[in-house]
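What follows is a single structure, written as structure tokens, with notes after it.
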Ligand SMILES: [Zn+2]
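In the numbering used here, the protein residues as written are 135 to 603.
Below, the structure written as structure tokens:
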């Protein structure tokens, strides 16, 4: 580390001697992207399902040196992609020590640095800025001001005797402070129009206007923004010149397949260091959770303008796992395996993340219940053909009934498997493990599937579910 530091130029003179050639941020991003493509590096690790859609477009935009606006509903990894752009920057970049706008040592733009270099010359000190420090982002909210984004007159500096017209009295905002880096504005249409004008003037004309005072500030920033497509297209939300400034408009989307949704769920669910309880989630349970989200994204009862985020899938997945963990710990069972009776607990992780078209609170539970039933039916019918299960159904004709509950131990289900002829065969379709907890989950799935296919009746009694004919 120390040796490395000794080798790194520490003054403008040393930097010049090292042969350093500064390039614009767009040049730098493009150069590194090309290198990473050649080396077959994963440029957007952890981004699932965008390989043939979003990612090629992002690469094209970077190769073109274009500012980018991502259009998409919430929870489509827009922020994540924006932040991953940092990986395309050089690991470190030399800047003049103490500069507020990351000045390039070889051609500073701020007055303080220009003055400094004029007196110190090649002895002017530089520092190496890590790439993480070259990224800024801001959520557009009504209370953002020009001072936040661009800058303001610093009253302390004025009090020190500077004149208002003196460039040295400027306190720079977020964008100048991200000079030679990447700046992202989330929900761009929510940015007040006068700020959009200020932003445009800054980016296009290198022109800063603060309290009637003009200043030229030729910044070098890659601008990235996100917006909900409906806000974006509705007229008047973004001033046209600013809209034109973004060279690339990239539409994001929700995972197209249930498999992609599941990959994200497995990748993103919160994991704990001290996992005292082993968790096993059968594939059909993962499919049900993912399918619920996919159905919600098509449901007329759900507000599609705000969308249904993958975070709904992730939170629901965490919830059913936790319900299974709670059961396993309570009953002293070895493995936590989520099952059908755990699904109603998803109400806590779904509502609040989904906006309904109607405002009645009581409808939330009903709508989620309907969507859940539909999802279970779809997944069940992927695995089973009902005629092949008729032998199981027939056994219920004589008044036979089976009870399930989220608090019931796995052993009770093992009895069902023994009592019900052909149940063991039916379970083999979806579960090849011998573990009781896993078998319990499979039994619930088969019974619920038969019910949803109208082969068995289901009644709820307290916390219990009873299947009979
Ligand atoms: Zn400077």
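Backbone N, C-alpha and C define an ideal beta-carbon position, used for all residues, glycine too. No experiment lies behind these values; they were computed from the predicted model shown.
Residue i Cβ short of 6 angstroms to ligand 1 heavy atom set
i	result
residue 235	yes
residue 116	Residue coverage of the chain in this structure runs from 135 to 603, which leaves residue 116 outside it and unanswerable.
residue 318	no
residue 242	yes
Alpha-carbon spacing of residue i relative to residue j, whole angstroms
i	j	result
residue 98	residue 219	Past the edges of the chain, shown from 135 to 603, lies residue 98, and the structure says nothing about it.
residue 602	residue 561	19 angstroms
residue 446	residue 400	13 angstroms
residue 537	residue 530	13 angstroms
residue 335	residue 207	29 angstroms
residue 579	residue 356	51 angstroms
residue 184	residue 217	16 angstroms
residue 152	residue 321	42 angstroms
residue 414	residue 269	39 angstroms
residue 201	residue 168	18 angstroms
residue 366	residue 160	25 angstroms
residue 501	residue 511	15 angstroms
residue 137	residue 438	Low per-residue confidence applies at residue 137: pLDDT is 45, beneath 50, and the placement is therefore not dependable, though the value from the model is reported in the following sentence. The alpha-carbon atoms of residue 137 and residue 438 are separated by roughly 57 angstroms.
residue 150	residue 248	17 angstroms
residue 594	residue 554	21 angstroms
residue 526	residue 551	11 angstroms
residue 403	residue 456	11 angstroms
residue 424	residue 470	19 angstroms
residue 232	residue 271	22 angstroms
residue 223	residue 192	15 angstroms
residue 391	residue 416	18 angstroms
residue 374	residue 344	22 angstroms
residue 243	residue 229	12 angstroms
residue 221	residue 197	15 angstroms
residue 491	residue 499	14 angstroms
residue 450	residue 477	8 angstroms
residue 135	residue 203	Bear in mind that the predicted position of residue 135 carries a pLDDT of just 43, short of 50, making it unreliable; the figure below should be weighed with that in mind. Spanning the two alpha carbons is a distance of roughly 39 angstroms.
residue 542	residue 407	28 angstroms
residue 576	residue 263	55 angstroms
residue 461	residue 558	24 angstroms
residue 597	residue 539	6 angstroms
residue 372	residue 276	14 angstroms
residue 584	residue 474	13 angstroms
residue 364	residue 466	51 angstroms
residue 546	residue 177	50 angstroms
residue 209	residue 182	13 angstroms
Nearest-angstrom beta carbon gap, residue j and residue i [assumed within contact, 8 angstroms]
i	j	result
residue 535	residue 571	Not quite, the Cβ-Cβ distance comes to about 23 angstroms (not below 8 angstroms), so this is no contact.
residue 454	residue 419	7 angstroms
residue 382	residue 211	Incorrect: roughly 17 angstroms between the Cβ atoms, too far for contact.
residue 384	residue 509	Residue 384 to residue 509, Cβ: 30 angstroms. No contact.
residue 488	residue 563	Not really, about 32 angstroms apart at Cβ, beyond 8 angstroms.
residue 520	residue 589	7 angstroms
residue 386	residue 188	6 angstroms
residue 267	residue 319	Incorrect: roughly 19 angstroms between the Cβ atoms, too far for contact.
residue 288	residue 304	7 angstroms
residue 430	residue 442	5 angstroms
residue 514	residue 586	7 angstroms
residue 352	residue 340	4 angstroms
residue 280	residue 146	Contact flag wrong, Cβ pair sits at about 33 angstroms.
heavy atom of ligand 2 below 6 angstroms from residue i C-beta
i	result
residue 485	This structure lacks ligand 2; the ligands present are ligand 1.
Proximity test, Cβ basis, 7 angstroms: residue i and chain D
i	result
residue 383	The structure shown has no chain D; it contains just one protein chain.
- Is the number of C-beta pairs between the region 473–492 and the region 444–458 that are closer than 8 angstroms three or more? yes
- Please list the segments of the beta strand (DSSP E) lying wholly inside the region 517–557, counting only runs of 3 or more residues, in order along the chain. 536–539
- Message: Count Cβ pairs between the region 273–289 and the region 302–313 that sit closer than 8 angstroms; are there 3 or more?
- Response: yes
- Task: Would you be able to state if there are at least three C-beta pairs under 8 angstroms between the region 317–333 and the region 159–174?
- Result: no
- Task: Taking only runs that begin and end inside the region 305–347, name each unbroken alpha helix (DSSP H) of 4 or more residues, in chain order.
- Result: 308–311 and 327–339
- Message: Give the list of continuous alpha helix (DSSP H) stretches no shorter than 4 residues that lie fully inside the region 358–398.
- Response: 363–367 and 374–379
- Quick one: which unbroken alpha helix (DSSP H) runs of 4-plus residues sit fully inside the region 217–295? Chain order, please. 245–254, 280–283 and 289–293
- Task: Let me know the alpha helix (DSSP H) ranges lying completely inside the region 140–215, each 4 residues or longer, listed in chain order.
- Result: 146–151, 159–172 and 188–198
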